[in-house]
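Worksheet: one structure, shown below.
Numbering (our numbering), first residue to last: 33 to 526.
In C-alpha cells, the structure reads:
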C-alpha cells in the first residue's frame, strides 16, 4: 500500500513540477515582453509610395460558412489598396449553399472592376492546408495575405503592414486578433482572456526575445518566396500554420509580430465549437512537435532558441499534466497523512499560480481590454479569473486526448469551427444549420469528473483535509461548466 502511495505521490510531484516550470516560462515571456519598448519594431519603417507597392494576393479559405462569407467578402473589398495590385481569391470547398453565395458575390465585385475569383476543389484533400497549397499556382502576388471566414480586417490593414517587408529577412508579418463578440457571453469572455495573453505576452514576448514564433493561420501576410523556400503548405498536421512558420524560420526567415495592428474576429459562441477548435489546436500542436522537434535540434539555430522552440512546440502537453495532477490529487488526499509528508512545503508550488495571475493580468487588464475605470477593470479580473482558471483546468481531459492522439500520430479530419456571424448578445444560433447539440462521450466523462472532484471537496471538509480543497473546488466547477454547456446545447437544439 505504501509503495502505491509513494508511486501516486511521485507521479503527482513530477506533474506539478512540469506545470510550475511551464508557468515560470510564461513569466519569462512576460519579462521579455516588458523589457523593451513595445513599439520598437515600428521604428524606422519607410513608407512605401503607391507606385512601389508590391502586388498582393488575398486568400480566403472557406468551407461551409454561409452565415459569414458574404460579410467577409464585403469587408475584404474595402481594403485600401490599388485595384491593379490586389488579387482576391476565395478558396471555397463548400458542400452547402456557401458556394452559391460566394459565386454571386464574385460576379458582383467583378462587375465593379475587382480582380476577384472563386477557386473551388471537388476533392477536399488536405483541408485548409490543401486549399492554400493548391491555389498557389493561381496566385500572382508578391505577398500573400490570409484571412479566415470570421475575420474583418480594417481598410488600412495592408497599407499598415506592407512596409515591414522592406526588410528582406522578413518572411511573415502577423497581427493581433481582436474579438467581435467578446461580450456575447461568459464563454466568449473566457476565450478572449486566453487569446489576449497569447497575442500579447506570448507572441510579442517571443518576438522581442528573438525566439521562434508562429503565424496564426490568419490575419497576416507571407512573402511568396518565403512560402516556396520553406517547402510550401503541408497537410500532415492540423496546424499547418505552425508547421510552415517553423520550417520558414529554420531556413533563416524571420516573423515580424505587430501587436498594435489588430484584426477583429468572431469567437466560438457555443461549447462544441470551442471544443472542436481546441481539439484542432492541441492535436495539431502535438503533431507539429512530433514532426519538427528532431529538425529543430538538428538545425543551426542557437541552443537558446532550440530550448525555447521545444517549450513552445510542447506547450499543448501542459493539459496532460494538469489532468494528472487533478486525478491523482484525490487519492493523495487520503494517502498523504499516512506518508508523514509536510504539506506546508507544497506552498512553494504556489509560485505557478502567482505567475499565471500576473501574466493574465498584464495581458488583459494592462493591454487587451478596452480602457475603462481602473477599479472596475480590477474588479472584473478578480471575478472572472477564477472562473477562467476553473474552465482551463476542466478542459484538460478533452485536450489531453487530442494531445495524446497527436503524439501517437493518429490522423483525423480538419474539423472546422462553425461561425454564425454573432456579434451581439441577442443573436441566437440554436436553429442554424451548423449548430450541433450532440453529446460526446467526453462530455459524459466530464460530468463524472465533476462529481469526482465535488466528492473530493466533500470528503476534504468531512475529514478536515484542507490541502487540496481549493484545487478540487476549481476542478469540480470547471468540469461541471463544460458538462452544463454541453447539456444546454443539447436541449437548445431540440
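A virtual CB, placed ideally from N, CA and C, is assigned to each residue, including glycine.
Predicted model, so just to flag it, every value in this text is computed and none were measured.
Tell me the DSSP secondary structure of residue i in three-state form.
i, result
"residue 288", "strand"
"residue 246", "coil"
"residue 36", "helix"
"residue 254", "strand"
"residue 111", "coil"
"residue 193", "helix"
"residue 502", "helix"
"residue 427", "coil"
"residue 445", "coil"
"residue 50", "helix"
"residue 368", "coil"
"residue 518", "helix"
"residue 299", "coil"
"residue 232", "helix"
"residue 127", "coil"
"residue 418", "helix"
"residue 269", "coil"
"residue 93", "strand"
"residue 57", "helix"
Since residue i and residue j are thought to touch, with beta carbons under 8 angstroms apart, how far apart are those beta carbons, to the nearest angstrom?
i, j, result
"residue 431", "residue 485", "Not quite, the Cβ-Cβ distance comes to about 17 angstroms (not below 8 angstroms), so this is no contact."
"residue 153", "residue 265", "The pair is not a contact, with the Cβ atoms about 14 angstroms apart (cut-off 8 angstroms)."
"residue 102", "residue 142", "About 16 angstroms; that fails the 8 angstroms criterion."
"residue 453", "residue 482", "Going by Cβ atoms, the distance from residue 453 to residue 482 rounds to 32 angstroms, so no, they are not a contact pair."
"residue 205", "residue 252", "6 angstroms"
"residue 62", "residue 391", "5 angstroms"
"residue 121", "residue 94", "Going by Cβ atoms, the distance from residue 121 to residue 94 rounds to 10 angstroms, so no, they are not a contact pair."
"residue 308", "residue 435", "With 8 angstroms as the limit, residue 308 and residue 435 do not qualify as a contact, their Cβ atoms being about 15 angstroms apart."
"residue 92", "residue 123", "6 angstroms"
"residue 221", "residue 416", "6 angstroms"
"residue 226", "residue 300", "Residue 226 to residue 300, Cβ: 12 angstroms. No contact."
"residue 274", "residue 317", "7 angstroms"
"residue 190", "residue 111", "5 angstroms"
"residue 287", "residue 346", "No, residue 287 and residue 346 are not in contact; Cβ-Cβ is about 19 angstroms, not under 8 angstroms."
"residue 257", "residue 171", "Not quite, the Cβ-Cβ distance comes to about 12 angstroms (not below 8 angstroms), so this is no contact."
"residue 40", "residue 363", "6 angstroms"
"residue 371", "residue 44", "That pair is no contact at about 11 angstroms."
Would you mind reading off the limits of the beta strand (DSSP E) that contains residue i?
i, result
"residue 122", "118–124"
"residue 209", "202–211"
"residue 175", "175–178"
Quick one: does residue i have its CB under 8 angstroms from some CB of chain D?
i, result
"residue 470", "No chain D appears in this structure, which consists of one protein chain only."
For the alpha helix (DSSP H) holding residue i, just list the boundary residues, first then last.
i, result
"residue 86", "Run containing residue 86: none; DSSP gives neither H nor E here."
"residue 237", "235–241"
"residue 494", "473–494"
"residue 228", "218–229"
"residue 98", "Taken as a continuous stretch (DSSP letters only), residue 98 belongs to no alpha helix (DSSP H), as it is neither H nor E."
"residue 279", "272–282"
In or out: residue i buried (at least 16 other Cβ within 10 Å) or exposed?
i, result
"residue 503", "buried"
"residue 34", "exposed"
"residue 12", "As shown, the chain starts at 33 and ends at 526. That puts residue 12 outside it, with no answer to give."
"residue 133", "buried"
"residue 315", "buried"
"residue 523", "exposed"
"residue 96", "buried"
"residue 472", "exposed"
"residue 302", "buried"
"residue 425", "buried"
"residue 450", "buried"
"residue 260", "exposed"
"residue 268", "exposed"
"residue 328", "buried"
"residue 236", "buried"
"residue 383", "exposed"
"residue 527", "Look at the range of the chain in this structure, 33 to 526, and you will see that residue 527 is not part of it."
"residue 442", "exposed"
"residue 242", "exposed"
"residue 71", "With a pLDDT of 47 at residue 71, under the threshold of 50, the predicted position of this residue should be treated as unreliable, and no value is reported."
Could you name each continuous alpha helix (DSSP H) segment of 4 residues or more that falls completely within the stretch 140–171, going from the start of the chain to the end? 159–167
Complete runs of the alpha helix (DSSP H) confined to the stretch 370–412 [at least 4 residues]: 382–393
Unbroken alpha helix (DSSP H) runs of length 4 or more, entirely within the stretch 302–351: which are they? Positions of the alpha helix (DSSP H) runs, each at least 4 residues long and wholly inside the stretch 302–351, are given as 303–330, 335–345 in order along the chain.
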